[in-house]
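Note that the sequence shown ends on residue 159 in the numbering used here; no numbers are left out. C-beta: ideal position from N, C-alpha, C; glycine also. These numbers were taken from a predicted model, which means no experiment stands behind them.
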Amino acid sequence: MAKSSPHRSTWEDRFRAPAPSELRGHYRNKTLCGIAESVQQALSRLANVDERLCWEGLPWRWTWVYSLRGLDQSLAYLIPDPDRPQLAVPIPASLVDRLGIAQMRRTVRDVMSHARLVGGIYWPSWDLLTKVDAEEVIEIVVKRHRLAVSSSAELVPSR
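Quick look at the structure:
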């Protein structure tokens, strides 16, 4: 007798783009869902930022990508992992000091200090398990956005 294959969530199925409501309903608990929704709303409100759902491969799978309108460059990636939503923020090495990360909580600084540096870009990814975590990481994205818009700072090519 053949074993049935395990059920694959909509987030994991690369052959079918999920509806936004499907991704909202797939978190393990309502707290994570609320945190992810609040991050998504905050990022969507940024001026001249486009939000799109893209297949980013493993381990990110279907991910919300936030980029400056008219440019193929990304500010943030909201990864709707059902167990632990994450926010990845590509940061050019030249902008790290200007974002004020050194003055943020230790948990934020620790993630940044362990972020991979690829082609002059740091790729930190924070788990969004509490509202405080989410607010602090959103602050980084907002500062990153301001720098990009106001001073035409170097941006990051899409992943």
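With 16 other Cβ atoms within 10 Å as the buried cut-off, status of residue i
{"i": "Q86", "result": "buried"}
{"i": "A148", "result": "buried"}
{"i": "Q40", "result": "buried"}
{"i": "V141", "result": "buried"}
Rounded C-alpha distance that separates residue i from residue j
{"i": "R52", "j": "D97", "result": "29 angstroms"}
{"i": "L68", "j": "H145", "result": "8 angstroms"}
{"i": "L117", "j": "K143", "result": "20 angstroms"}
{"i": "G221", "j": "A93", "result": "Outside the shown range of the chain (1 to 159) lies residue 221, about which nothing can therefore be said."}
{"i": "H8", "j": "Q73", "result": "Position check: residue 8 holds Arg in this sequence, whereas His was assumed. Answer to the nearest angstrom: the Cα atoms are 31 angstroms apart."}
{"i": "I35", "j": "P20", "result": "15 angstroms"}
Bridge partners - residue i, DSSP secondary structure assignment
{"i": "D127", "result": "Q86"}
{"i": "P18", "result": "Answer is none; P18 lacks a bridge partner."}
{"i": "A76", "result": "Y66"}
{"i": "I91", "result": "Y122"}
Rounded Cβ spacing between residue i and residue j (contact assumed at less than 8 angstroms)
{"i": "R14", "j": "W55", "result": "5 angstroms"}
Can you find at least 3 beta carbon pairs, one from the stretch 92-109 and one from the stretch 74-81, that sit closer than 8 angstroms?
-> no
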